[in-house]
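In terms of the numbering used here, the sequence shown opens at residue -16 and continues consecutively.
Structure record follows, encoded as structure tokens.
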Amino acid sequence: MSVELSGLEAGGRDFPERLGRYRLVRRISRGGMAQVYEARRESLAGVAPRVALKVILPEHAEDENFRDLFINEARVGSQLQHPNLVQIQDFDQQGDLYYLVMEYVEGVTLRRMLSLSKRNGLALSQAVIAEMGRQICEGLHYAHTARAEDGAPRHLVHRDIKPGNVILNPQGVVKILDFGISKVLDAADGQDGVKGTWGYMSPEQAAGGAISGAADQFGLASVLYELAALQRLYGETDQKKIRELMRRDEGARRTAQLGGNYRDLGPVLMRALQRDPAARYPTAIGMGRSLARLIGDPVLIREKLVELQSTYSRLDKSRSPAPEPVRSQATLSRSPGSKPYQSGIPVSVGNAHRPMKPVEIDPGTRPTSGEGADLRNTINLAALGVSLLILAFVLLHLFSTSDAPQEEASLLEVPAETIGQDSPLEPRTPATAAPVKSEPASSPAAQPEPPPTKAEAPKPTKRKKPTPPKKPKPRADVTPTPVRSSPPKPRPPEPVEMASGKVTISSLPRSRVSIDGVFLRYTPLLSHEVPSGSHMVVLETDDDRRIQFRLDVKTGEEVRRIWDFEQGLWRDP
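Below, the structure is given as structure tokens:
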């Protein structure tokens, strides 16, 4: 709804408690030219939905050009209907005060999220940052390609994409705030000077030249870099210094040094931060597609955004004293102005099967001092004690098993008295037993005489050659006693062969492999034996990209799979 300003008086009085049928509740924010209130639209039967009410500051209310821009914002914004843009619901005036009514978005702005992240030592994952950027790209593309009622293109450019103008609601939806008074660019506006926020505006925008939708790509890339690094792309405050850095493409160079968990985000931002607008993405939706490749499962990432919004809202409401801000993983890479890691790099972090680079270390794991250091020393001593106990147990077990063969042999002996007549086993004869003979054991020839003592020693006499005893003839009525051999050792049960096959799974980049809900290792998983049949496989990268698929394994065969997370397709093994 447009309002003609002719014939209206402008005044500089303070804001009333009510504007039209809207009751002001509290001030949400204040900018250089307007301020925003939370208000209630009072209707019948006590229905009072919440809205956001934007009012021109009194000192600008008499500026006719400013009022015209405010009306233009209301006219254009009322025709933009997109889930990633804040909707304009009404435009009205009371006396000399003009106000714009917008949907009330409950949530936290990205500026507030950055502040809470630094204060509480939190870091956003690459997939979360990419998803928020993708949603912003969709909203920008809709605005860039919007058309008027007669079908003519509007050539809308936001020109002020910054953390304070983006909000995340409890449903995990990112919304762009404020296609503001000084930011709506119609085709008739042309070059209207430098407008925007230094540190986020594009080089052509900072030079006051003609701009296009590519300028919003530059601002969005600056915001996403700040979410990853927890520091501004251009931390400098001098406008001449910022212009010089943009002339040298310093923003793209700094983004190229993003490492750790954000190494795949860097190339996307680097292209959007090119000094030449033609070198950026052709459209905002093209940039959104590149970000979408870093997300993985869209349902899972939306759930993470909902959880993230809840966490930051809770931190925002508590406002409890927080520790000193820390940097995210990306700030440990070599970037201008970054300080070295002061407390040293922990020896054992991350995955045990590969060393970690400093840029991959989560700062949340860095010890501080005082109680943290004492607790760490106590844990290390306890771990050392447990390791010594385990080593002593292993050594004791190794030395105590030296007599294992004899013990095993005695376990196989079967006492004769335990064998019954119906038992299939026979008593085992010791290996040292003498063979059983038919002659009596008391035969004189069978036992040697004891040696005589000195007192009883006889005088030496001529010894006769002993005559060998004659073998007794076997008696016909006596049955020879058979010699029983040792019973055969029981054979161990033959192993039952299970039908199985092998799987080889890899991915680009590396990922965690879980088969049937059991984590095995990081890729590559080579010739891993699994039972034949159907198995559910899940691959998940460190930056929360995830794919789930089913493998059918046949007996004696090997199945090979390679998944490319970057391209979103299967590679030839």
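Using N, Cα and C, we set each Cβ at its ideal position, and we do this for glycine too.
Predicted model only: the values in this text are computed from it and were never measured.
Proximity winner among the options, relative to residue i (alpha-carbon distances)
i, options, result
"I119", "L241, R272, L216 and S26", "R272"
"G78", "I39, A197 and L522", "I39"
"V140", "V521, A267 and L503", "A267"
"A235", "T220, A262 and L213", "A262"
"M519", "A482, D535 and R254", "D535"
"Y295", "L7, L248, S26 and L97", "L97"
"G500", "K224, T487 and F532", "F532"
"G484", "E523, V206, E540 and L508", "E540"
"G122", "A239, L160, R9 and E209", "L160"
"W546", "P556, K537 and T538", "P556"
"G516", "T506, P66, S494 and V486", "V486"
"R543", "S490, R246, D527 and D133", "S490"
"P492", "R554, S510 and K537", "R554"
"R137", "K158, E56, P265 and L283", "E56"
"N244", "F548, D526, N148 and S12", "D526"
"Q566", "S61, M115 and H65", "The first residue shown for the chain is -16 and the last is 556, placing residue 566 beyond what the model contains."
"L248", "L203, E219 and F49", "L203"
"H511", "L522, I498 and Q200", "I498"
Under 7 Å between C-beta atoms of residue i and residue j
i, j, result
"P153", "L93", "no"
"R23", "A31", "yes"
"V19", "A35", "yes"
"Q109", "L277", "yes"
"R117", "A255", "no"
"R258", "D232", "yes"
"G192", "H127", "no"
"S100", "L213", "yes"
"V69", "G155", "no"
"R33", "Y87", "yes"
"E530", "L508", "Correcting the residue identity first, residue 530 is Ile in this sequence and not Glu. It is not a contact, given that the beta carbons lie outside the stated cut-off."
"I112", "L207", "yes"
"L503", "V513", "no"
"R142", "G179", "yes"
"A298", "L210", "Contrary to the premise, residue 298 reads as Leu rather than Ala in this sequence. Contact: no."
"D75", "G182", "no"
"P186", "M253", "no"
"Q188", "I194", "yes"
Three-state secondary structure (DSSP) of residue i
i, result
"I545", "strand"
"I144", "coil"
"Y5", "strand"
"Y245", "helix"
"T180", "coil"
"Q188", "helix"
"T524", "coil"
"E400", "With a pLDDT of 41 at E400, under the threshold of 50, the modelled position of this residue cannot be trusted, and the question is left open."
"H43", "helix"
"A459", "No answer about A459 holds up, because its pLDDT of 48 lies below 50 and its placement is not dependable."
"L99", "helix"
"G90", "coil"
"S494", "coil"
"L80", "strand"
"R130", "strand"
"A255", "helix"
"P(-1)", "coil"
"I362", "helix"
Bridge partner(s) assigned by DSSP for residue i
i, result
"W553", "W546"
"M85", "A35 and I71"
"R10", "Y20"
"P158", "Looking at the sequence provided, one finds Lys at residue 158 rather than Pro. According to DSSP, which records beta bridges pairwise, K158 is partnered with I150."
"K485", "E512 and E541"
"S517", "D535"
Endpoints, alpha helix (DSSP H) assigned at residue i
i, result
"L210", "A197 to A212"
"H124", "Q109 to H127"
"Q222", "Q222 to R230"
"G271", "A267 to A275"
"R50", "E47 to G60"
"L572", "Nothing in the structure corresponds to residue 572, since the chain is present only between -16 and 556."
"R237", "E233 to A239"
N-terminal and C-terminal residue of the beta strand (DSSP E) that residue i is part of
i, result
"P514", "L508 to P514"
"D535", "R529 to V536"
"V30", "Premise fails: V30 is in no beta strand (DSSP E) and is neither H nor E."
"R137", "Unbroken run through R137: none, as it is neither H nor E."
"R504", "V501 to Y505"
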